[in-house]
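**Student:**
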Amino acid sequence: MGGTFLVMALHVLASINSDTLAHCMAGMNSADSLLLLGDGVYVQQSAPQMTACREVTANLYVLAPDHASRLPHLTPAVTAIDYAEWVNLSLTCGPVISWY
Amino acid sequence: MGGTFLVMALHVLASINSDTLAHCMAGMNSADSLLLLGDGVYVQQSAPQMTACREVTANLYVLAPDHASRLPHLTPAVTAIDYAEWVNLSLTCGPVISWY
Amino acid sequence: MAASFSLCIKAAPQTAGALHGLEFAKACIAQGHTITRLFFYGDGVYLGLKTLTLPQGEASISQQWQAFITTHSIDAVVCIAAALRRGVLDCTEAARQGLEFNLLREGFVLSGLGQWVAANSEADQAITFG
Amino acid sequence: MAASFSLCIKAAPQTAGALHGLEFAKACIAQGHTITRLFFYGDGVYLGLKTLTLPQGEASISQQWQAFITTHSIDAVVCIAAALRRGVLDCTEAARQGLEFNLLREGFVLSGLGQWVAANSEADQAITFG
Amino acid sequence: MVNPVPKPLFIFTQAPHNNPQAREGVESLLASAAFDQQPAVLFMGQGVLQLVPQGEQPGAKNLNKMLQALELYGVEHIYICRDSLATYALTPDLLTPSGQLIGQDECCQVMQQSQWAVRF
Amino acid sequence: MVNPVPKPLFIFTQAPHNNPQAREGVESLLASAAFDQQPAVLFMGQGVLQLVPQGEQPGAKNLNKMLQALELYGVEHIYICRDSLATYALTPDLLTPSGQLIGQDECCQVMQQSQWAVRF
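Protein chains in written order, with my numbering: chain Z, 2 to 101; chain E, 2 to 101; chain A, 664 to 793; chain R, 664 to 793; chain Y, 58 to 177; chain W, 58 to 177.
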């Protein structure tokens, strides 16, 4: 499975449905990144879901404007990025895989 | 909470999403009935989900044409009914609650 | 004994819910029951959009609904707020925007949510599909 | 370094995905990148429907997409198969059914899935919203 | 704890933002209240997230603001599934509007004793 | 076990019937194959149910029949998540088309090594 083609994927999670989250997690390992956005920002509110994310990878992000509109009273639990940073992130990874 | 107004509900489940199933189950007890239809017929293929259903109520039904189109190779695991019987069932219960 | 049903279809045209609603409604009529009202809400409003176009050989659930509604003269209301939001305009609403066409299938009318909740409370049973 | 993006919007107008796609596309342009093509698929085809009507004070995501597309002259393709199924007809498709109107917003064109898969493989990055 | 006479019940199980469903649920609940049907509402699962105050987004309707008007519209029975609050680490003091926290058995009773029920 | 050169990947996670998504996924997969992009497809979660032969419904397109044409269209890499099969009590002999059963680690590799990936 040589490392030559092994580039990390950016998974984009916009849902808190258990099944969607489980599918997203099942396809990830520590080389991948995860961006929470849309209603996916609420994953931060679920301790078991957040633990599951952290166990898979340390590269966790949340889309800042979506966090601000959904959880304005809370500081993000992971690195907050804006759209410009999301664009940059998508250019430093392999495939971007969306889970809505 | 007197029994006077306690009439059973008919829950109609057309999904196999874990969350939808969990919500549906959370609102049921043994006085209620459950009809599986649409992609909900696939609940019969999941042993844990089917066990969960049976633990909640013994009044389990599947919509015959949906079973036939989705699992044609299998005999229904619960009572198969057609649309006419569904209409009748809905007239012998309290509220009909749909979970799509 | 004949009973009355209020049916709400929230399911989009290509989904199981749109078919469930139609077949259930047919079974009601076949058994001598009455349908107080059909109310199309959420993505169910697209069932009233007359431009849906399917490939040859595929049945149009939207046409089947229309045929059922006109054959049995059933009161079929499409939620006006949900329809506007989704672009399903009748003559009047199109004219309001300077457009000269009607996108609503014959047999359907646009009206408000009150039509739904009232029918639900009048009928012997209220069921939602989708 | 400037890169090229192929973006697919599968999200319906009122959902988060439609906004994510738009803001992402704006950020691409703002950073000097290019957009190979926008492809509207699934319920995303409704973004090209010109009759969507929102209450006063609510922003129309569909109009915002149109403004973005025309301002930056971006190739914006609506999947023809998905659009017909959902009733989003341009002049040509409407005429085929004897109707004399155009429901497709200016700036959008109907075309096939090949436009999408080709753009995805040409571009430096392909992203789907919805 | 439940309505003594069967009334309509609206069950909200969707997160507030990702689709128009949640909003269309609230609009129909308000219509029922406007017709003096004295509807009850039950928030469960992801639906409890609708009760968390939201930041303003220009051009978008704030769903939580709409919900804060429920009492004004005469919606008196607001039930919230206790287990779902725990799932999303929410405490009752954070929620607007607040409501009656109920357990699973009571959720079941609320449904069984409704006149008709719809889920969004 | 994966494509030696990055190719498109289609990830199918939806049950076959409840919405048009599953079908539009298959149509785009076929378009990619027709453009000679040599796409791979991965069935996971409820998506494995698409591989169960379906009964005929008059006037409706049979999704499983469409999938049976995959090899004809030159889709050679068909991956099926082994855990998902177990979830729905499916055995490989029942599935049409059949494919390569893979575990979670391999699912991850298939995704990482794709040129671009879309999920339906």
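A virtual CB, placed ideally from N, CA and C, is assigned to each residue, including glycine.
Determine, using beta carbons only, whether Asp20/Z comes closer than 7 Å to chain E.
**Tutor:** Stepping through the first sequence from its first residue, residue 20/Z is reached at position 19. Chain E, which has a Cβ nearer than 7 Å to the Cβ of Asp20/Z, makes this yes.
**Student:** Output, in chain order, the set of chain B residues within a Cβ distance shorter than 7 Å of Glu81/Y.
**Tutor:** The structure shown contains no chain B; the protein chains it does contain are Z, E, A, R, Y and W.
**Student:** Looking at the unbroken alpha helix (DSSP H) that takes in Ile724/A, where does it start and where does it end?
**Tutor:** Translated into the one-based positions of the third sequence, residue 724/A becomes position 61. Element bounds for Ile724/A: Ile724 to Thr734.
**Student:** Mapping the DSSP letters down to three states, classify Ala48/Z as helix, strand or coil.
**Tutor:** Here residue 48/Z is taken as the residue at index 47 of the first sequence, counted from 1. Three-state DSSP puts Ala48/Z in a helix.
**Student:** How would you label Asp33/Z, buried or exposed, when you count the other beta carbons within 10 angstroms and need 16 or more for buried?
**Tutor:** By 1-based counting over the first sequence, the position of residue 33/Z is 32. Asp33/Z comes out buried.
**Student:** Can you tell which of Phe668/A, Ala782/A and Gly777/A has the C-alpha that lies nearest to the C-alpha of Ile743/A?
**Tutor:** On the third sequence, position 80 is the one that residue 743/A refers to. Nearest option by C-alpha distance: Gly777/A.
**Student:** Give the interface partners of His696/A over in chain E, defined as CB-CB distance under 9 Å, in chain order.
**Tutor:** Counted from its first residue, the third sequence places residue 696/A at position 33. Simply Val88 and Leu92.
**Student:** So with CB distances below 8 Å, who are the chain A contacts of Ala88/Y?
**Tutor:** Reading the fifth sequence from its first residue, position 31 is the one you call residue 88/Y. The answer, in chain order, is Gly775, Leu776, Gly777, Trp779 and Val780.
**Student:** Which word fits Gln788/A, buried or exposed, when buried means at least 16 other C-beta atoms lie within 10 angstroms of its C-beta?
**Tutor:** Taking the third sequence and counting its residues from 1, one reaches residue 788/A at position 125. Gln788/A is buried by the Cβ-count criterion.
**Student:** The alpha helix (DSSP H) with Leu124/W in it runs from where to where?
**Tutor:** Looking up residue 124/W in the sixth sequence gives position 67. Where Leu124/W is concerned, the enclosing alpha helix (DSSP H) stretches over Leu120 to Gln125.
**Student:** Considering only residues of the same chain and omitting the five flanking positions on each side of Arg55/E, which have a CB-CB separation below 8 Å?
**Tutor:** For this step, residue 55/E is matched to residue 54 along the second sequence. The residues are Leu61.
**Student:** Going by DSSP in three states, Ile737/A sits in which element: helix, strand or coil?
**Tutor:** Stepping through the third sequence from its first residue, residue 737/A is reached at position 74. In the structure shown, Ile737/A sits in coil (DSSP, three-state: anything other than H, G, I, E or B).
**Student:** In this structure, how does DSSP classify Ser155/Y when only helix, strand and coil are distinguished?
**Tutor:** If you number the fifth sequence from 1, residue 155/Y lands on position 98. Coil.
**Student:** In whole angstroms, what is the alpha-carbon distance linking Ala781/R and Ala679/A?
**Tutor:** Sequence index remark: in the fourth sequence, residue 781/R carries index 118 (1-based). Sequence index remark: in the third sequence, residue 679/A carries index 16 (1-based). About 32 Å.
**Student:** Check whether the region 763-776 of chain R and the region 712-731 of chain R touch, using three or more Cβ-Cβ pairs below 8 Å as the test.
**Tutor:** Yes, they touch.
**Student:** Measure the C-alpha to C-alpha separation of Ile82/E and Cys671/A and round it to an integer number of angstroms.
**Tutor:** For the purposes of this step, residue 82/E is taken as the residue at position 81 of the second sequence. For the purposes of this step, residue 671/A is taken as the residue at position 8 of the third sequence. Rounded to the nearest angstrom, the two C-alpha atoms are 22 Å apart.
**Student:** With a cut-off of 7 Å, does the C-beta of Asn121/Y fall near any C-beta of chain R?
**Tutor:** The residue given as residue 121/Y occupies position 64 in the fifth sequence. Chain R contact via Cβ: absent.
**Student:** Contact criterion: CB-CB distance below 7 Å. Does Ala117/Y meet it with respect to chain E?
**Tutor:** The count along the fifth sequence starts at 1 and reaches residue 117/Y at position 60. False, the Cβ-Cβ gap to chain E never drops below 7 Å.
**Student:** Please list the partners that Pro77/W has in chain A, where partner means a Cβ-to-Cβ separation under 7 Å.
**Tutor:** Indexing the sixth sequence from 1 puts residue 77/W at position 20. By Cβ distance, chain A contributes Gln677.
**Student:** Closest Cβ-Cβ distance between Ala690/A and chain E: below 7 Å?
**Tutor:** As a position in the third sequence, residue 690/A is number 27, starting the count at 1. Chain E, which has a Cβ nearer than 7 Å to the Cβ of Ala690/A, makes this yes.
**Student:** So, does the CB of Val97/Z fall closer than 7 Å to a CB anywhere in chain R?
**Tutor:** Taking the first residue of the first sequence as position 1, residue 97/Z is located at position 96. For Val97/Z, the answer is yes, since a Cβ of chain R falls inside 7 Å of its Cβ.
**Student:** Under the DSSP definition of a beta bridge, which residues are partnered with Val62/Y?
**Tutor:** Numbered from its first residue, the fifth sequence carries residue 62/Y at position 5. Per DSSP, none; premise fails for Val62/Y.
**Student:** From the beta carbon of Thr70/W, is the nearest beta carbon of chain Z less than 7 Å away?
**Tutor:** Looking up residue 70/W in the sixth sequence gives position 13. Judged by the 7 Å Cβ criterion, Thr70/W is in contact with chain Z.
**Student:** Look at the alpha carbon of Gly837/A and the alpha carbon of Ala675/A, and state the distance between them as a whole number of angstroms.
**Tutor:** For residue 837/A there is no data in the structure shown, the boundaries of chain A being 664 and 793.
**Student:** Pull the bridge partners of Leu712/A from the DSSP assignment, please.
**Tutor:** Numbered from its first residue, the third sequence carries residue 712/A at position 49. For Leu712/A, which the question treats as bridged, DSSP gives the partners Leu767/A.
**Student:** What whole-angstrom Cβ distance do Phe687/A and Ser99/E have, given they're in contact under 8 Å?
**Tutor:** As a first step, residue 687/A must be located in the third sequence, where it is residue number 24. As a first step, residue 99/E must be located in the second sequence, where it is residue number 98. Between Ser99/E and Phe687/A the Cβ distance is about 11 Å, and since that is not below 8 Å, they are no contact.
**Student:** Which one of Phe92/W, Val83/W and Gly102/W has the shortest CA to CA distance from Leu142/W?
**Tutor:** Looking up residue 142/W in the sixth sequence gives position 85. Leu142/W has its Cα closest to that of Gly102/W, out of Phe92/W, Val83/W and Gly102/W.
**Student:** My understanding is that Ala146/W touches Ala48/E, with C-beta atoms under 8 Å, so please give their C-beta distance in whole angstroms.
**Tutor:** As a position in the sixth sequence, residue 146/W is number 89, starting the count at 1. As a position in the second sequence, residue 48/E is number 47, starting the count at 1. Yes, they are in contact, since the Cβ atoms of Ala146/W and Ala48/E sit about 6 Å apart, within 8 Å.
**Student:** So which residues on chain A does His74/W lean against when the C-beta distance must stay under 9 Å?
**Tutor:** As a first step, residue 74/W must be located in the sixth sequence, where it is residue number 17. Within 9 Å Cβ-Cβ: Thr678 and Ala679.
**Student:** Who does Ile135/Y pair with in a DSSP beta bridge?
**Tutor:** For this step, residue 135/Y is matched to residue 78 along the fifth sequence. The partner list for Ile135/Y (beta bridge, DSSP) reads Val98/Y.
**Student:** For the beta strand (DSSP E) containing Leu1/Z, list its first residue and its last residue.
**Tutor:** Absent from the structure is residue 1/Z, since the part of chain Z shown begins at 2 and ends at 101.
**Student:** Of all the residues that make up the region 127-157 of chain Y, which are near chain Z by a beta-carbon distance shorter than 9 Å?
**Tutor:** For the region 127-157 of chain Y, which is checked against every Cβ of chain Z, the residues closer than 9 Å are Thr144, Tyr145, Ala146, Leu147 and Leu151.
**Student:** Using 8 Å for Cβ pairs, my map puts Ala786/R next to Ser669/R. What's the rounded Cβ distance?
**Tutor:** Locating residue 786/R in the fourth sequence gives position 123, counting from the first residue. Locating residue 669/R in the fourth sequence gives position 6, counting from the first residue. Indeed, because the Cβ distance is near 4 Å, the residues count as touching under 8 Å.
**Student:** What is the DSSP secondary structure of Ser19/E, counted as helix, strand or coil?
**Tutor:** Position 18 of the second sequence, counted from the first residue, corresponds to residue 19/E. Reduced to three states, the DSSP call for Ser19/E is helix.
**Student:** What does Glu721/A touch in chain W if you count any residue whose Cβ is under 8 Å from its own?
**Tutor:** Position 58 of the third sequence, counted from the first residue, corresponds to residue 721/A. Here the neighbours are Gly116, Ala117 and Lys118.
**Student:** Could you check if Val59/Y is buried or exposed, using at least 16 other CB atoms within 10 Å of its CB as the buried criterion?
**Tutor:** Within the fifth sequence, numbered from 1, the residue matching residue 59/Y stands at position 2. Note that Val59/Y has pLDDT 49, beneath the 50 cutoff, so the model's placement of it is unreliable and no number is given.
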